[in-house]
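**Q** Residue numbers (our numbering), protein chains in the order written: chain S, -3 to 172; chain Z, 12 to 206. The beta-carbon is built from N, C-alpha and C at its ideal position, and this holds for glycine as well. Please read these numbers as outputs of a predicted model, since none were measured by experiment. Sharing a structure with you now.
Here it is in structure tokens:
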């Protein structure tokens, strides 16, 4: 557990030092490259702002309507039996379908319970070890016109299920 | 099943929300919810402008210095074990490793083109053109098992919502990412034997 905390603290500084040192060793203009990249990031975020507004608005409506609570109450008995936090179930399912819609629900959880609550920490870890399976799969297979995808979906779901379960286990272990 | 899906998801969320609000007698709250969420989105966007730009700036330094190429080479011996059907010097391996490294570093925009190039090269080795080869299944399962080491966007969101330690999820995130990737690879290897 100490090791995991240490990794959390050290990772960003290490990556930054490593990449900058790598850049200087290859004699590129590091600062200029940084500015260029920052500009790209700036434009990207700026471009996704309308999407963000649209999604947060729809999730905001859903939250205010009480529909999420109804859904959570509905799945609670099942989730409780599995030892899974019911509040995180809608997000977990949406995660596999749409990356942006799941971001909207994630932010709603942060807003309602706080990012440092158990549920907030668990969904943070869960989001970092899962992927949008359906979208990714269709993009890649469509690019080469493959229709028989065999065990790809099963494998991707197994990997993501393993990620979700281990996120729950590790969150319980660290944050109770 | 494509990007267009959001077209329907978005509408469905709103319709379900408004129907549920009418049912629960909370239509006034819905109006407030929509307005305050739209405002919240812009506040979040401003936080993200700072954090994401910082991170893409750092990553650009790596990209310009040839970090993806250099790390790809180091990854080759490991990757060639995952794809025994693909000759080591084949172009597909180059694209696969570029895609994997870009994913690990969280460079989505560099990952997707490399991934599609990898699929096209794998298709040239594929005997049945409409059916996924073993290498394709392994590549996509590996890819979709989540490889990104630092989820900078999650850190940005946590920071915006007032977390005392936004980056405390990096360590657990790395451990669980390894678990999910391992599970995916094991499953794919087992499926290869069975089929």
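State the CB to CB distance for the pair residue 93 of chain Z and residue 34 of chain Z, rounded to an integer number of angstroms; the pair is presumed to be in contact (CB under 8 Å).
**A** About 51 Å separates the two Cβ atoms, so there is no contact after all.
**Q** Step through the CB atoms of chain Z and report whether any lies within less than 9 Å of the CB of residue 73 of chain S.
**A** For residue 73 of chain S, the answer is no, since every Cβ of chain Z falls outside 9 Å of its Cβ.
**Q** Excluding the 5 residues flanking residue 103 of chain S on each side, which residues of the same chain have their C-beta closer than 7 Å to its C-beta?
**A** Closer than 7 Å at Cβ, skipping near neighbours: 52.
**Q** Assess contact between the segment 153 to 161 of chain S and the segment 121 to 130 of chain S, defined as three or more Cβ pairs (one per stretch) separated by less than 8 Å. Is contact present?
**A** As far as the Cβ criterion goes, the segment 153 to 161 of chain S touches the segment 121 to 130 of chain S, which means the pair count is three or higher.
**Q** Using DSSP with H/G/I as helix, E/B as strand and the rest coil, what is residue 89 of chain Z?
**A** In this structure, residue 89 of chain Z counts as helix in the three-state DSSP scheme.
**Q** At the level of alpha carbons, what is the spacing between residue 62 of chain S and residue 94 of chain S?
**A** Each residue's alpha carbon lies about 22 Å from the other.
**Q** Going by beta-carbon coordinates alone, are residue 15 of chain S and residue 78 of chain Z separated by less than 9 Å?
**A** Contact: yes.
**Q** Looking at the secondary structure, which residues open and close the alpha helix (DSSP H) in which residue 144 of chain Z lies?
**A** No alpha helix (DSSP H) holds residue 144 of chain Z; DSSP gives it neither H nor E.
**Q** Report the rounded CA-to-CA distance for residue 29 of chain S versus residue 66 of chain Z, giving the unit in angstroms.
**A** About 12 Å.
**Q** Can you name, in chain order, every residue of its own chain whose Cβ lies under 6 Å from the Cβ of residue 102 of chain Z, other than the five neighbours on each side?
**A** Result list for residue 102 of chain Z: 132, in chain order.
**Q** May I have the straight-line CA-CA distance separating residue 112 of chain Z from residue 83 of chain Z, to the nearest angstrom?
**A** So the alpha carbons of these two residues sit roughly 6 Å apart.
**Q** Report back the beta-carbon spacing between residue 185 of chain Z and residue 160 of chain Z to the nearest angstrom; my notes put them in contact at under 8 Å.
**A** Correct: roughly 6 Å between the Cβ atoms.
**Q** Taking the Cβ atom as the reference point for each residue, do residue 148 of chain S and residue 133 of chain S lie within a distance shorter than 9 Å?
**A** Yes, the Cβ-Cβ distance between residue 148 of chain S and residue 133 of chain S is below 9 Å.
**Q** On the CB-based measure, 16 or more other CB atoms within 10 Å of its CB, does residue 9 of chain Z come out buried or exposed?
**A** The shown model of chain Z, from 12 to 206, leaves out residue 9 of chain Z, and the question about it has no answer.
**Q** Counting contacts by CB-CB distance shorter than 9 Å, is residue 69 of chain S in contact with chain Z?
**A** Closer than 9 Å: no.
**Q** For residue 166 of chain S and residue 139 of chain Z, I'd like the C-alpha separation in whole angstroms.
**A** Near 42 Å, if we compare the C-alpha coordinates of residue 139 of chain Z and residue 166 of chain S.
**Q** Around the C-beta of residue 137 of chain Z, are 16 or more other C-beta atoms found within 10 angstroms, so that it is buried, or is it exposed?
**A** Per the 10 Å Cβ criterion, buried.
**Q** Applying a beta-carbon distance threshold of less than 7 Å, which residues of chain Z neighbour residue 168 of chain S?
**A** Result: empty, since nearest Cβ-Cβ is about 11 Å, beyond 7 Å.
**Q** Whose Cβ in chain S lies nearer than 7 Å to the Cβ of residue 202 of chain Z?
**A** Going along chain S in sequence order, the residues near residue 202 of chain Z (Cβ under 7 Å) are 147, 151.
**Q** Run through chain Z and tell me which residues come within less than 7 Å of residue 56 of chain S, C-beta to C-beta.
**A** Chain Z residues near residue 56 of chain S: 44, 45, 47, 48.
**Q** If residue 56 of chain S and residue 195 of chain Z are in contact, beta carbons under 8 Å, what's the gap, nearest whole angstrom?
**A** Wrong, their Cβ atoms sit about 35 Å apart, outside the cutoff.
**Q** Please confirm whether residue 156 of chain Z and residue 188 of chain Z have their CB atoms less than 9 Å apart.
**A** Yes.
**Q** Using 10 angstroms around the beta-carbon of residue 84 of chain S, count the other beta-carbons present and answer buried if the total reaches 16, otherwise exposed.
**A** Its Cβ being crowded by 16 or more others within 10 Å, residue 84 of chain S is buried.
**Q** Restricting to runs no shorter than 4 residues, where is the alpha helix (DSSP H) found entirely within the segment 63 to 131 of chain S?
**A** Counting whole runs of 4 or more residues, the segment 63 to 131 of chain S contains the alpha helix (DSSP H) stretches 63 to 78, 85 to 93, 95 to 109, 114 to 124.
**Q** Check whether the segment 65 to 75 of chain S and the segment 54 to 62 of chain Z are in contact - that is, three or more C-beta pairs closer than 8 Å.
**A** Taking 8 Å as the limit for Cβ pairs, the verdict is that the segment 54 to 62 of chain Z does not touch the segment 65 to 75 of chain S.
**Q** Per DSSP, which residues does residue 144 of chain S bridge with? Please list them.
**A** Looking at the DSSP assignment, residue 144 of chain S forms a beta bridge with Z:142.
**Q** Look at the alpha carbon of residue 162 of chain S and the alpha carbon of residue 80 of chain S, and state the distance between them as a whole number of angstroms.
**A** So the alpha carbons of these two residues sit roughly 12 Å apart.
**Q** By the criterion of Cβ-Cβ separation under 7 Å, what are the contact partners of residue 83 of chain S in chain Z?
**A** Within 7 Å Cβ-Cβ: nothing; residue 83 of chain S doesn't reach chain Z, min ~15 Å.
**Q** Quick check: is the beta carbon of residue 13 of chain Z nearer than 9 Å to any beta carbon in chain S?
**A** Confidence at residue 13 of chain Z is low in this model, with a pLDDT of 48, below 50, so its placement is unreliable and the value that follows should be read with caution. Yes, residue 13 of chain Z counts as interfacial toward chain S.
**Q** With residue 113 of chain S and residue 179 of chain Z assumed to form a contact (beta carbons below 8 Å), what rounded beta-carbon distance in angstroms separates them?
**A** In fact, because the Cβ distance is near 13 Å, the residues do not count as touching under 8 Å.
**Q** For residue 190 of chain Z, is the beta carbon positioned less than 8 Å from some heavy atom of the ligand FAD?
**A** This structure simply doesn't include the ligand FAD, nor any ligand for that matter.
**Q** Closer than 9 Å, CB to CB, is residue 114 of chain S near chain Z or not?
**A** No, because no Cβ of chain Z sits closer than 9 Å to the Cβ of residue 114 of chain S.
**Q** Could you tell me whether any Cβ in chain S is nearer than 9 Å to the Cβ of residue 131 of chain Z?
**A** Closer than 9 Å to some Cβ of chain S, the Cβ of residue 131 of chain Z qualifies, so yes.
**Q** Give the straight-line distance between the Cα atoms of residue 177 of chain Z and residue 19 of chain Z, rounded to the nearest whole angstrom.
**A** The alpha-carbon atoms of residue 177 of chain Z and residue 19 of chain Z are separated by roughly 33 Å.
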